[in-house]
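Engineer:
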Amino acid sequence: MKTHPSTWEAIPICAIQWSSIQRLKSRIPAALKTVVPTFILALNVPTDVGSQQKGEFIMYRIAMTENPPCEKMSRRNITREYFGPKKNIIDFDDIDVFLEKCNPATFTRLNSAGVPCDVTHTHVNHYRTCAVVGNGGILLNSGCGAEIDAHDFVIRNNLPPTASYADDVGKKTDLTTINHAKLWEVCSNLGPKNKTVRKAILTRLSESPGMIFSYSLSTVGSPGRSKLHAIDRVIKDNKIPVTLAFSHQSAMGNKGLYSKLAGKRWRVPSTGLNTFALASTFCDRISMYGYYPLQTYNNRNVSYHYYDRGGYGHWHKMDQEFAMFQQFHNQGVIRHVIKWPSMSGKKNRGPSVSAELEEEFFKAAENGEEEHVRECLKKGVDVNAISIPSWTSDRETPLHIAASQGELPMVQLLVSTPGVDVLAKNEDGKTALELSGTDQMIRRVLKKREQDQRQSELMAKTGGVKIKRRIKVFVVGHGKVGKTTLIKALERILPLKELLKRDVTQPYVPTPGIEVEIVRIPGVGEASVWDFAGQTQFYVTHAMLLDARNTIYIVNYKSTDGPDVQKGQVHQWLCSIKACNADPTNRPDVVLVATHGDMLMDKEGGRRRAETILREMSGMFRTHLNIVDQVIVMDCRKSQTSEMTQLKRCLHNVHEALLRVSLNLPFLD
Numbered sequence: 001m002k003t004h005p006s007t008w009e010a011i012p013i014c015a016i017q018w019s020s021i022q023r024l025k026s027r028i029p030a031a032l033k034t035v036v037p038t039f040i041l042a043l044n045v046p047t048d049v050g051s052q053q054k055g056e057f058i059m060y061r062i063a064m065t066e067n068p069p070c071e072k073m074s075r076r077n078i079t080r081e082y083f084g085p086k087k088n089i090i091d092f093d094d095i096d097v098f099l100e101k102c103n104p105a106t107f108t109r110l111n112s113a114g115v116p117c118d119v120t121h122t123h124v125n126h127y128r129t130c131a132v133v134g135n136g137g138i139l140l141n142s143g144c145g146a147e148i149d150a151h152d153f154v155i156r157n158n159l160p161p162t163a164s165y166a167d168d169v170g171k172k173t174d175l176t177t178i179n180h181a182k183l184w185e186v187c188s189n190l191g192p193k194n195k196t197v198r199k200a201i202l203t204r205l206s207e208s209p210g211m212i213f214s215y216s217l218s219t220v221g222s223p224g225r226s227k228l229h230a231i232d233r234v235i236k237d238n239k240i241p242v243t244l245a246f247s248h249q250s251a252m253g254n255k256g257l258y259s260k261l262a263g264k265r266w267r268v269p270s271t272g273l274n275t276f277a278l279a280s281t282f283c284d285r286i287s288m289y290g291y292y293p294l295q296t297y298n299n300r301n302v303s304y305h306y307y308d309r310g311g312y313g314h315w316h317k318m319d320q321e322f323a324m325f326q327q328f329h330n331q332g333v334i335r336h337v338i339k340w341p342s343m344s345g346k347k348n349r350g351p352s353v354s355a356e357l358e359e360e361f362f363k364a365a366e367n368g369e370e371e372h373v374r375e376c377l378k379k380g381v382d383v384n385a386i387s388i389p390s391w392t393s394d395r396e397t398p399l400h401i402a403a404s405q406g407e408l409p410m411v412q413l414l415v416s417t418p419g420v421d422v423l424a425k426n427e428d429g430k431t432a433l434e435l436s437g438t439d440q441m442i443r444r445v446l447k448k449r450e451q452d453q454r455q456s457e458l459m460a461k462t463g464g465v466k467i468k469r470r471i472k473v474f475v476v477g478h479g480k481v482g483k484t485t486l487i488k489a490l491e492r493i494l495p496l497k498e499l500l501k502r503d504v505t506q507p508y509v510p511t512p513g514i515e516v517e518i519v520r521i522p523g524v525g526e527a528s529v530w531d532f533a534g535q536t537q538f539y540v541t542h543a544m545l546l547d548a549r550n551t552i553y554i555v556n557y558k559s560t561d562g563p564d565v566q567k568g569q570v571h572q573w574l575c576s577i578k579a580c581n582a583d584p585t586n587r588p589d590v591v592l593v594a595t596h597g598d599m600l601m602d603k604e605g606g607r608r609r610a611e612t613i614l615r616e617m618s619g620m621f622r623t624h625l626n627i628v629d630q631v632i633v634m635d636c637r638k639s640q641t642s643e644m645t646q647l648k649r650c651l652h653n654v655h656e657a658l659l660r661v662s663l664n665l666p667f668l669d
């Protein structure tokens, strides 16, 4: 069958799933009768759908024609019924001509029988990739800036600040949509009486080059034409490279669009949803960032905006919109980014935490409260977080604060934290070293760490670097607690059936001293595993080898032993690890594993005892050891259990953290 090129137009609005490409090659008309009639997913071939030529999967919009390929094709594309760059985006300089000759409500010529209003419009090109960037707190500390700026066209909402958050949201802006509430706020703050606020608004305008697009001209309760004139005058008087534009219709008039897209009744559409619909008319591929209306992510609080600490109101409830974006993402229509990418050479900073916790973090750093700072870091606060003016006098990191106040213990704690950036600059462009004054100890610590970081970054740029990816694991514990068995299960080489049938009374063969082997742990990577014998006669030699940086310690103990025995054994090994790692800047990472979990008669009781041991040991050694906050009670003979997956995840996470803080090593020929 031959298609009619004039009736097809590529655009990624929505997607449907075919079970195979074969159905697509020759049966398009029949297929179209069984699906939503306005969209089709097809191979990008020139004209012959039955061709064997390879092509890219793209979306095709079925355009209105006099002779559509089938009856249901005659329906107009849903978004094009409400949006279109030619009719929606009008240069504000042309407003007088537009209002003189056109009916804004219908976008038709005055005194005409429905003739479209084509007297003026602002030309918008077609783009291959577009980033639609919201202002959600999910973007804070995300590191998505470079990825956003790499798009051909970047759209933002409501004049957000970008310069101070460029690492997370990027700097590039081509079009900024603005709703009536924000437009009213901007107009109100441009008066000459409030010079500070006016300066801030002018800064926001200068950070939004390209076009500022408003739906507010015909919105009920909007600032109206006079307010748009005021903003346009300020833009021109200050020579800001921005074009002001408006739509012929209000955002309120688009309820029908979303009812059709969602298949259910819709409330007033948000600025974000309107922006998505508009972008879909001139962008082939859309990535959406910062559209996450929920207050938590992975059990952590998320602020509503990335640039302030405002809370959620009842008008921020957008569960239905979020569900629609998720559906479009799953269908391949858009790329809905709600997670932080792991970025090579840069720390993976994780999700945003609550404003209250971040503020606590900065106050604790300012007051020299080391334990409080440790707790905040443990809860996920970014060690490189930047304060806001209401917390401190400048936009700076906790390391800047500690260095400027001469708090040596706090400086040592922060520089030993994985991922810390000692080269970070505050609002005045100064590093922590430059703020450290005359305190020679602090200057020595910071200078050494700066040298290490610069050396690492230099080698990474020149390619003369070898990143040490192998993980080092020390497995310790008393005899007969299952250390060797656990190692075999980690690398999945246990003959499981034989182990399960094994006579538990067979002779026990202890590990002679220390066994070291290189293994590959699925989900973790290559590891150098050290199996330390648990017999007392080897403890003296163990003490000479337990001192090691960038190492993960697994402390095994039997969950079937009495509570006092378990606690005593764990305490003994933690004391040994602490004594062998006396450097205060080195806090070894420790994972506690209770073995023989399958032999517990009271499994809940065994887990509670493990929780108690973890809590008490974490408190006792909090200043010397970093004990992972995970309760693991397992049968160490089995490699395919949720507990084994939990242990591997712990090892992976700790290993990644160690890699971020450890130095890269030069190649040796």
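All residue numbers in the sequence shown are consecutive under UniProt numbering, ending with 669.
Glycine included, every Cβ here is placed at the ideal spot set by N, Cα and C.
It should be emphasised that the depicted structure is a prediction, and the values quoted were computed from it without experimental measurement.
Examine the Cβ distances between the stretch 168-188 and the stretch 202-215 and report whether three or more of them are shorter than 8 Å.
Structural biologist: yes
Engineer: Could you tell me which of His229, Glu207, Ile148 and Gly114 sits nearest to Ile95, measuring between CA atoms?
Structural biologist: His229
Engineer: Out of curiosity, what's the CA-to-CA distance linking Val519 and Gln566?
Structural biologist: 29 Å
Engineer: Taking only three categories from DSSP, how would you classify Cys187?
Structural biologist: helix
Engineer: Are Leu423 and Glu450 closer than 8 Å when you measure CB to CB?
Structural biologist: yes
Engineer: Can you tell me the Cα-Cα spacing of Cys575 and Lys378, whole angstroms?
Structural biologist: 22 Å
Engineer: Can you name, in chain order, every residue of its own chain whose Cβ lies under 7 Å from the Cβ of Asn653, other than the five neighbours on each side?
Structural biologist: none
Engineer: Are the CB atoms of Ile521 and Leu490 nearer to each other than 8 Å?
Structural biologist: Closer than 8 Å, so yes.
Engineer: In whole angstroms, what separates the C-alpha of Val411 from that of Ile401?
Structural biologist: 9 Å
Engineer: Over the uninterrupted alpha helix (DSSP H) stretch that includes Met617, give me the two end residues.
Structural biologist: Lys603 to Met620
Engineer: Taking Leu357 as the reference, which of Arg335, Val333, Phe328 and Ser387 has the closest Cα?
Structural biologist: In terms of CA proximity to Leu357, Ser387 leads the group Arg335, Val333, Phe328 and Ser387.
Engineer: List the DSSP bridge partners of Trp530.
Structural biologist: Phe474 and Val516
Engineer: With burial defined as no fewer than 16 other Cβ atoms inside 10 Å of the residue's Cβ, what is the status of Ser287: buried or exposed?
Structural biologist: buried
Engineer: Relative to the C-alpha of Glu604, which residue among Asp589, Met634, His624 and Lys578 is closest?
Structural biologist: Met634
Engineer: Taking the beta carbon of Leu241 as the centre, do at least 16 other beta carbons fall within 10 Å, making it buried, or is it exposed?
Structural biologist: For clarity, residue 241 is Pro in the given sequence; the question names Leu instead. Exposed is the call here.
Engineer: Measuring straight from C-alpha to C-alpha, what distance separates Phe322 and Thr122?
Structural biologist: 31 Å
Engineer: Could you please give me the residues that DSSP links to Pro116 through a beta bridge?
Structural biologist: Bridge partners of Pro116: Thr108.
Engineer: Pick helix, strand or coil for Lys638, following the three-state DSSP scheme.
Structural biologist: coil
Engineer: Since I believe Tyr304 is in contact with Leu139 (beta carbons under 8 Å), could you give me their beta-carbon distance rounded to a whole number of angstroms?
Structural biologist: The Cβ separation is near 11 Å, so there is no contact.
Engineer: So Pro398 and Ala365 are supposed to be a Cβ contact under 8 Å. How far apart are they, rounded?
Structural biologist: 4 Å
Engineer: Using three-state DSSP, classify Val654 as helix, strand or coil.
Structural biologist: Reduced to three states, the DSSP call for Val654 is helix.
Engineer: Grab me the residues of Ile201's own chain with a C-beta within less than 7 Å of its C-beta, minus the 5 sequence neighbours each way, in chain order.
Structural biologist: Sequence-distant Cβ neighbours of Ile201 in its own chain, meaning closer than 7 Å and more than five residues away, are Val186, Asn189 and Leu190.
Engineer: Using DSSP with H/G/I as helix, E/B as strand and the rest coil, what is Gly350?
Structural biologist: Residue placement at Gly350 is flagged as unreliable, the pLDDT there being 41, under the threshold of 50; the coordinate-derived value follows with that caveat. Gly350 falls in the coil class under three-state DSSP.
Engineer: Is the beta carbon of Val593 less than 8 Å from the beta carbon of Val555?
Structural biologist: yes
Engineer: Return the chain-ordered list of same chain residues with a C-beta closer than 6 Å to the C-beta of Cys117, the five sequence neighbours on each side being excluded.
Structural biologist: Around Cys117: Cys102, Phe107, Thr108 and Arg109.
Engineer: Can you tell me which residues form a DSSP beta bridge with Ile89?
Structural biologist: DSSP, once it has assigned bridges, lists no residue as partnering Ile89.
Engineer: Where do the N-terminal and C-terminal ends of the beta strand (DSSP E) with Ile594 fall, by residue?
Structural biologist: Here the sequence assigns Ala to residue 594, which means Ile is not the residue at that position. Asp589 to Thr595 is the span of the beta strand (DSSP E), which, as asked, contains Ala594.
Engineer: What residue ranges within the stretch 154-208 form continuous beta strand (DSSP E) runs of no fewer than 3 residues, ordered along the chain?
Structural biologist: 175-178
Engineer: Determine whether the beta carbon atoms of Phe325 and Tyr291 lie at a separation below 8 Å.
Structural biologist: yes
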